[in-house]
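K.L.:
Here's a structure for you.
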Amino acid sequence: MTAGDHPAEGGTAVRSGVLDGPFNTRQLLRLDEALRVADRSTGLTFSVYMGDLDEPVRGHAEKLHAQLADPDRSVLIAVSPNQRVLEIVTGAVARKRILDRDAKLAALSMVAAFGGGDLAGGVISGLDQLATHAGRARA
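In my numbering, the protein residues as written are 55 to 193.
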């Protein structure tokens with residue numbers, strides 16, 4: 055799921071399986087808004103992958119990140135609830151603005167929310183923290 059999905063022919067952009075996932079419509083709308091705000095405020099592109107990750111999970115997350123339109127300016131949050139795994143992958147440009155310790159703090163916050171049963175809220179909180187650490191878009 056990314057904020058950059060474009061609707062097809064006047065419809066709503068929905069990837070197959072999205073509505074079968076762990077989020078209800080309201081949560082998907084909140085996630086989409088959080089992605090848009092993070093993108094717009096930072097000038098980076100934030101994406102969320104929700105699903106199983108092949109072993110090694112970090113390598114799989116990095117492969118997913120490499121498939122994004124502009125990996126250097128992108129941040130991927132990959133969550134596998136079934137495996138209880140979370141990975142945050144930053145591109146070269148994003149990494150200069152989001153330090154590893156900032157990503158770890160966001161991850162800890164997300165994991166705490168996930169432990170409380172709030173998957174969507176955890177991702178939204180993590181997006182907000184990462185965007186805050188990245189700072190405003192630079193001209």
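Built from N, CA and C at the ideal position, the CB exists for glycine as well. Only a predicted model underlies this, so the values are computations on that prediction, with no experimental measurement involved.
Quick one: is alanine 157 buried, meaning 16 or more other Cβ sit within 10 Å of its Cβ, or exposed?
P.N.:
buried
K.L.:
Assuming the contact rule is C-beta atoms closer than 8 angstroms, leucine 122 and serine 101 should be a hit. Round their C-beta distance to whole Å, please.
P.N.:
6 angstroms
K.L.:
Can you tell me the Cα-Cα spacing of alanine 160 and glycine 75, whole angstroms?
P.N.:
23 angstroms
K.L.:
At what residues does the beta strand (DSSP E) containing phenylalanine 100 begin and finish?
P.N.:
Residues 99-104.
K.L.:
If you compare alpha carbons, which of Ile131, His187, Thr144 is closest to valine 165?
P.N.:
Ile131
K.L.:
Taking the alpha-carbon positions, what's the aspartate 126 to leucine 98 distance?
P.N.:
Answer to the nearest angstrom: the Cα atoms are 9 angstroms apart.
K.L.:
Grouping DSSP H, G and I as helix and E and B as strand, with all else coil, what is lysine 150?
P.N.:
helix
K.L.:
DSSP puts leucine 130 in a beta bridge; with which residues?
P.N.:
Ser101, Val143
K.L.:
Please classify leucine 162 as buried or exposed, where buried requires at least 16 neighbouring CB atoms within 10 angstroms.
P.N.:
exposed
K.L.:
Between the Cα of arginine 192 and the Cα atoms of Leu89, Arg94, Ala88, which residue gives the shortest distance?
P.N.:
Arg94
K.L.:
Suppose you measure from the CA of aspartate 182 to the CA of lysine 117; what does that come to, to the nearest Å?
P.N.:
24 angstroms
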